[in-house]
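Numbering (the numbering used here), first residue to last: 174 to 457.
C-beta atoms are modelled at their ideal positions from N, C-alpha and C, and glycine is treated no differently.
Below is one structure, written out as structure tokens; comments come after it.
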């Protein structure tokens, strides 16, 4: 008797879960980052023509929650461009961690990301990094936002994910919005494929709400983007906004919904301004 599709998916989920490494903040390796910065510079500065503005808005020291919009499918050029700029500006010794989906960390060949400080996205890992005094980069929009259709590239889409606000309040750290544009032009993203993810139970087993459909080299039609793609050399621009110190701006007991709406509004206004600067897709 053949295995049912559900059994196969459950088996895959178990295999992926077993491959996700436990979060170890000490795996971040400043020497490795320093040695590989030239390669990162080639990719970020020459290929994507990366431009990062406003890094001086990030507090010089101490824990901070960097909250970004997310683009580019499973290969996220905005993260590469911002990470290069962060390391160049603050130095590789400053603690800097990025939260990523379990599937990213379980993919063969991506183990090196842990040396850059990437850990599985969870409240526990984020708290541990902040309590260690790190700058922590989170993408509340997650897999949904990163695979939004290309014609929605000018939209900040966090959905109803507000956990980042609670995290900032619990740890009493400032939120620094990080707004990027250009990543959704590195392929033609057609659909988030939410219906397909539900059909295959990916939403329950992998925490994947989408199974995206896109067009891009080398595969042409690309379902899932599990093997990645060759991104088009779209110009990536990132703008860092001033820190939001929640209790100073919203009182001693801030309302989570109000803070969330404020952050999204600021980021959307900035993304609108960045979009108005672009003349042509990819070219920028």
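- Selection 426, 383 and 294 evaluated against residue 342 yields 426 as nearest (Cα-Cα).
- Comparing alpha-carbon positions, the option among 270, 391, 315 and 442 lying closest to residue 333 turns out to be 315.
- Assigned with DSSP and collapsed to three states, residue 387 falls in strand.
- Note that the C-beta distance between residue 265 and residue 349 is not below 9 Å.
- DSSP lists 291 and 310 as the bridge partner or partners of residue 271.
- Nearest Cα to residue 351 within the set 245, 267, 433 and 414: 414.
- The way I'd put it, the segment 364 to 371 doesn't touch the segment 401 to 413; fewer than three beta-carbon pairs between them come closer than 8 Å.
- The way I'd put it, the segment 238 to 254 does touch the segment 212 to 225; three or more beta-carbon pairs between them come closer than 8 Å.
- Of all C-beta pairs linking the segment 305 to 314 to the segment 255 to 274, three or more are shorter than 8 Å, placing the two stretches in contact.
- Annotation: the continuous alpha helix (DSSP H) that includes residue 300 extends over 296 to 304.
- When DSSP assignments are scanned along the segment 343 to 424, the uninterrupted stretches of alpha helix (DSSP H) that are 4 or more residues long and fall wholly within it turn out to be 367 to 372, 375 to 378 and 419 to 423.
- DSSP lists 310 and 349 as the bridge partner or partners of residue 239.
- Cβ-Cβ separation between residue 323 and residue 362: approximately 5 Å, consistent with a contact (criterion under 8 Å).
- Here DSSP, grouped into helix, strand and coil, assigns residue 455 to coil.
- In the three-state reduction of the DSSP assignment, residue 339 falls in the helix class.
- Apart from the 5 residues on each side of it in sequence, residue 339 sits with its Cβ closer than 8 Å to the Cβ of 429 in its chain, given in chain order.
- Distance check between residue 346 and each of 416, 198 and 254 places 416 closest, using alpha-carbon atoms only.
- In the structure shown, residue 321 adopts coil according to DSSP, grouped into three states.
- Residues of the same chain with a CB within less than 7 Å of the CB of residue 420, apart from the 5 flanking positions on each side, are 427 in chain order.
- Collapsing the DSSP output to three states places residue 442 in a helix.
- Between residue 227 and the set 258, 376, 354 and 319, the nearest pair of CA atoms involves 258.
- Under a 10 Å Cβ-count criterion, residue 262 is classified as exposed, with fewer than 16 other Cβ atoms of the shown protein chains found around its own Cβ.
- Per DSSP, the continuous alpha helix (DSSP H) segment holding residue 254 begins and ends at 250 to 263.
- Boundaries of the beta strand (DSSP E) harbouring residue 226: 224 to 226, taken from the DSSP string.
- One thing to note: residue 356 has its Cβ within 9 Å of the Cβ of residue 243.
- Taking a C-beta distance under 9 Å as the contact criterion, residue 370 and residue 381 qualify as a contact pair.
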